[in-house]
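Protein sequence lines correspond, in order, to chains G and S. 250 is the number of the first residue of the first sequence in the working numbering; add one for each residue after it. 7 is the number of the first residue of the second sequence in the working numbering; add one for each residue after it. Just so it is clear, CB atoms sit at the ideal spot from N, CA and C, and this is done for glycine as well. First the structure, in the form of structure tokens, and then the observations on it.
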Amino acid sequence: MKKITLALAAVAGLAATGAQAQGYPTRPITMIVPFAAGGPTDVIARIVTDNMSRTLGQQIVIENVAGAGGTTGITRAAQAQADGYTIMMGHMGTHGAAPALYPNLKYDPTKDFAPIGLAAGTPIVIVAKKDFPATDLKGFLDHMKANGEKVNMAHAGVGSVSHSTGIFFNSVIKAKPTMVAYRGTGPALNDLMANTVDFMTDQIVNVAPQIQGGNIKAFAIATRERSPVLPNVPTTKEAGLEGYEVSAWNAVFAPKGTPPDVVKKLSDALMKSLDDENTKKRLLELGGVIPTGAERTPEALQKLVESEVARWTPVLKAAGATAE
Amino acid sequence: MGDFFSNLSLGFGVALTPLNLGLAFLGCLVGTLIGVLPGVGPIATIAMLLPITFGLDPTGALIMLAGIYYGAQYGGSTTAILVNIPGEATSVVTALDGHQMARQGRAGVALGIAAIGSFFAGTVATLVIAALGVPLTGLALIFGPTEYFSLMVMGLVFAVVLARGSILKAIAMILVGILLSTVGTDLETGEERMTFGLPILSDGIDFAVLAMGIFGIAEIMRNLDHTEHRDVVRQAIGRLLPNKEDFRQSYKPVLRGTFIGAILGILPGNGAVLGPFAAYTLEKKLAKDPSRFGRGAIEGVAGPESANNAGAQTSFIPLLTLGIPPNAVMALMVGAMTIHGIIPGPQVMTKNPTLFWGMIASMWVGNLMLLVINLPLVGMWVRLLKVPYRLLFPAILMFCCIGIYSINSLPTDVMFIGLFGFVGYMLIKFGFEPAPMLLGFVLGKLMEENLRRALIISRGSLETFIERPISAGLLAVAAILLVIALLPSIRKGRDEVFTE
């Protein structure tokens, strides 16, 4: 008797979850973006979810929960109910650099999530003030070797993309410029344009307009291929620097334990959105890199997170960069 | 000059299409409403409304979002004047004399002069942006960390002058404000400071939380403390609009406030917050009888309100000409533009002239609309004060809680306004002024960060502050102001004048 009841309960349970997933989504989905509205991750999230909402037939509502380099929002999202109604936009910082930066991190990027898929990456560009004595990356590297700590490097605060990628850059070129911290990219760029600081590494979407306007100069873009937004800027490899290919990737995650068919629905919607002409056009205008089909799967994302954590941890630990 | 007019006419051509007019109106209306509701700020609102603008063309969308921003500035003054809750750093000073005016039954006049002063400032600021936007861009680039630190020092000296009563208490409050601003993650090292290990404090204390607690909740507690003295309710409403005498007293403050606000608004890193404080200080210094300040002086509303609105508008200059956002709302506008496929930067002006000039023209249109929306509403807002306080205060309290929750969706923020409210109540009881503390809080963080930045760049040499001419000039002004405030003979006079 007991056995039968259990079996019945199990069947009923299965039926219930099945029905739930079949109907999914029946109400609006919340996407937690762990950064302030208006920043690159927020913009990418809004562009990608616009089309996803239409595919799913339910609005995806963006909730910005900023703080502590994005870890506040991701911590909250990771603890949300794993029913597919709370998802999040993680990125290079929250799912790559964070374990090294925040020793008390409440989540493990490799274990506590159900990956949905990669959304878009924004390549890193090495930029300098327009009065900087060098004209190309080689000259810049020579200058760094000769002047070392005399050079000022700007970044947007510990935990920001410009900070992590900047530390990585310094470790690759074996230089120790003096780091100057700003609260956000805007003020840092302002001082770069005013020739107050010497150089920084930041996402293409932040720096491209100023490069095009001739207010700052770009030495190289840290991708395999040149960007159509900045066709005259060579890749790091072309400019003679090996080992510095970085992109601030953004990817959609759900909390661990989200039903597989819900993950599949979300993943399919994301892939469809990335194939949509309008979404593509808007991402490309930002200088964004749209992942290829193989890179978009949940499995590929899981691999990416693992490799990113492995890549950032030693670099940031060696630089002594912790945020707590 | 020909260019100027053809550009403006291009702009008005865009701004005056029925759709864009409607969007500007909608933006201004929404902005006014959220400005009036305590706590619900333009940042949260613009972020929430962003998806709705997806279907619009970029110009229309940005016109609407900009309308929300300056509409909120108007609405924010209403709450500051009527219930003494400054929703934003810029309306802290408005509350000082504006709320006193309301208590004296002159709420209508205060609201009226705030609206008229803001409209005038907005008109001038629009012309400034159109005519001088591009050359003024340079100003944003002259101000590096060194200059910024010196400007903040000057700002803190303003705070001393700002205070009523004992100068010692004022300085103590400023220092407390600066201390509060150091809570949170250290920018250079990433270390947490004075957070007691609480994750909610790792990004510091939110300005809105502090201001709402110290001013708003404390004010409610004080009113409940002695309801019989809450004269606002009992007083006749009085005139709704300023009369000739009011105008005579306020036209100069409006002019001066507009000038100060417009200049400071262009500066990077939220220079606009200094505008109203500077305007207030100036008016108090220039006044024949400074003792009226803090007790309902109309100049104390006219000057800062004009500065506030002029600054709100000129802070669009770095955004439109450089693509560099000077404050959080402008950063959000960058995002809005980006989502609409317009990457803000120096090339917007040449690549999207209709957007650029359309937005500028719409600012003036928006200001006119705000005047039209607000002046008839003055009567309604003032009548709100007639609502018995036992009914009014739970509503205010509820809106405060909803508003503060909407900013970060953190329940702890709601608890914090209660805590700060209690602190604020204690401060009032012991005769401490909360305004200098808020200014210390706002400026403290900027001051510390810029000091460290300047010293890192100069490799630790303090001379950098006097070697750079602008920085030296600002420090000199600060020193002179401080000497005037502290000179024994003058201080004697000051104490007589300021101590109640």
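Would a C-beta distance cut-off of 7 angstroms place residue i and residue j closer than the cut-off?
i: residue 191 of chain S; j: residue 208 of chain S; result: yes
i: residue 364 of chain G; j: residue 502 of chain G; result: yes
i: residue 142 of chain S; j: residue 348 of chain S; result: no
i: residue 267 of chain S; j: residue 316 of chain S; result: yes
i: residue 550 of chain G; j: residue 367 of chain G; result: yes
i: residue 301 of chain G; j: residue 516 of chain G; result: no
i: residue 218 of chain S; j: residue 407 of chain S; result: no
i: residue 409 of chain S; j: residue 43 of chain S; result: yes
i: residue 458 of chain G; j: residue 341 of chain S; result: no
i: residue 119 of chain S; j: residue 12 of chain S; result: no
i: residue 444 of chain G; j: residue 293 of chain G; result: no
i: residue 309 of chain S; j: residue 285 of chain S; result: yes
i: residue 20 of chain S; j: residue 364 of chain S; result: yes
i: residue 469 of chain G; j: residue 535 of chain G; result: no
Check the C-beta distance from residue i over to residue j and give it rounded, since I have them as a contact under 8 angstroms.
i: residue 344 of chain S; j: residue 454 of chain G; result: 7 angstroms
i: residue 66 of chain S; j: residue 25 of chain S; result: 6 angstroms
i: residue 491 of chain S; j: residue 182 of chain S; result: Wrong, their Cβ atoms sit about 19 angstroms apart, outside the cutoff.
i: residue 83 of chain S; j: residue 311 of chain S; result: 6 angstroms
i: residue 368 of chain S; j: residue 72 of chain S; result: 7 angstroms
i: residue 442 of chain G; j: residue 411 of chain G; result: 15 angstroms between Cβ atoms; not a contact.
i: residue 146 of chain S; j: residue 328 of chain S; result: 7 angstroms
i: residue 281 of chain S; j: residue 303 of chain S; result: With 8 angstroms as the limit, residue 281 of chain S and residue 303 of chain S do not qualify as a contact, their Cβ atoms being about 18 angstroms apart.
i: residue 508 of chain S; j: residue 300 of chain S; result: Here chain S comprises residues numbered 7 to 506, so residue 508 of chain S is not present and cannot be evaluated.
i: residue 441 of chain S; j: residue 98 of chain S; result: 6 angstroms
i: residue 29 of chain S; j: residue 70 of chain S; result: 4 angstroms
i: residue 524 of chain G; j: residue 60 of chain S; result: Between residue 60 of chain S and residue 524 of chain G the Cβ distance is about 19 angstroms, and since that is not below 8 angstroms, they are no contact.
i: residue 507 of chain S; j: residue 447 of chain S; result: An answer regarding residue 507 of chain S cannot be provided, because it is not within the stretch 7 to 506 covered by chain S.
Check the Cβ of residue i against every Cβ in chain S and list those closer than 8 angstroms, keeping chain order.
i: residue 296 of chain G; result: 345
i: residue 223 of chain G; result: Since the first and last residues shown for chain G are 250 and 573, residue 223 of chain G lies out of range.
i: residue 312 of chain G; result: 415
i: residue 535 of chain G; result: 344, 349
i: residue 361 of chain G; result: Ordered by position in chain S, no residue passes the 8 angstroms Cβ test against residue 361 of chain G, which lies about 17 angstroms from the chain.
i: residue 457 of chain G; result: 349, 351
i: residue 445 of chain G; result: 150, 151, 463
In chain G, which residues lie with their C-beta within 7 angstroms of the C-beta of residue i?
i: residue 60 of chain S; result: 299
i: residue 194 of chain S; result: 430
i: residue 53 of chain S; result: 286, 313
i: residue 340 of chain S; result: 287
i: residue 455 of chain S; result: 432
i: residue 459 of chain S; result: 429
Classify residue i: buried if its beta carbon has 16 or more other beta carbons within 10 angstroms, exposed otherwise.
i: residue 564 of chain G; result: buried
i: residue 401 of chain S; result: exposed
i: residue 132 of chain S; result: buried
i: residue 187 of chain S; result: buried
i: residue 236 of chain S; result: Low per-residue confidence applies at residue 236 of chain S: pLDDT is 49, beneath 50, and the placement is therefore not dependable, though the value from the model is reported in the following sentence. Per the 10 Å Cβ criterion, buried.
i: residue 527 of chain G; result: exposed
i: residue 481 of chain G; result: exposed
i: residue 330 of chain G; result: exposed
i: residue 489 of chain S; result: exposed
i: residue 278 of chain G; result: buried
i: residue 240 of chain S; result: Residue confidence is low: residue 240 of chain S scores 48 on pLDDT, short of 50, so the model does not pin down where it sits. Its coordinate-derived value is still stated next. Classification for residue 240 of chain S: exposed.
i: residue 275 of chain G; result: exposed
i: residue 253 of chain G; result: With a pLDDT of only 49 at residue 253 of chain G, under the threshold of 50, the placement of this residue in the model should not be trusted; the figure read from the coordinates follows. Exposed, because fewer than 16 other Cβ atoms sit within 10 Å of the Cβ of residue 253 of chain G.
Using a C-beta to C-beta distance shorter than 9 angstroms, which residues of chain S count as neighbours of residue i?
i: residue 462 of chain G; result: 328, 329, 351, 352, 353
i: residue 438 of chain G; result: 328, 329, 330
i: residue 492 of chain G; result: Ordered by position in chain S, no residue passes the 9 angstroms Cβ test against residue 492 of chain G, which lies about 25 angstroms from the chain.
i: residue 401 of chain G; result: 462, 463
Can you list the residues of chain S that residue i reaches, using a CB-CB cut of under 7 angstroms?
i: residue 435 of chain G; result: 330, 331, 337
i: residue 531 of chain G; result: 347
i: residue 406 of chain G; result: 193
i: residue 292 of chain G; result: 341, 344, 345
Starting from the beta carbon of residue i, find every residue of chain G whose beta carbon is closer than 8 angstroms, and list them in chain order.
i: residue 208 of chain S; result: 316, 317, 321
Kindly confirm or deny that the region 368-379 of chain G and the region 478-496 of chain G touch, where touching means at least three C-beta pairs closer than 8 angstroms.
Verdict: yes, contact present.
Are the region 206-220 of chain S and the region 316-331 of chain G in contact at 8 angstroms, needing three or more beta carbon pairs?
Yes: at least three Cβ pairs fall under 8 angstroms.
Could you say if the region 418-427 of chain G and the region 135-154 of chain S meet the contact criterion of at least three C-beta pairs nearer than 8 angstroms?
With the cut-off at 8 angstroms, the region 418-427 of chain G and the region 135-154 of chain S do not touch.
So, does the region 469-488 of chain G touch the region 326-345 of chain G, judging by three or more C-beta pairs under 8 angstroms?
Cβ pair count under 8 angstroms is below three, so no.
For the region 332-342 of chain S and the region 287-304 of chain G, state whether three or more C-beta atom pairs, one from each stretch, are separated by less than 8 angstroms.
The region 287-304 of chain G and the region 332-342 of chain S touch, with three or more beta-carbon pairs separated by less than 8 angstroms.
Do the region 373-390 of chain S and the region 119-133 of chain S make contact, defined as three or more Cβ pairs closer than 8 angstroms?
Remark: three or more beta-carbon pairs, one from each stretch, lie closer than 8 angstroms, so the region 373-390 of chain S and the region 119-133 of chain S are flagged as touching.
Does the structure place the region 412-419 of chain S close enough to the region 147-155 of chain S that three or more beta carbon pairs sit under 8 angstroms?
The region 147-155 of chain S is not in contact with the region 412-419 of chain S.
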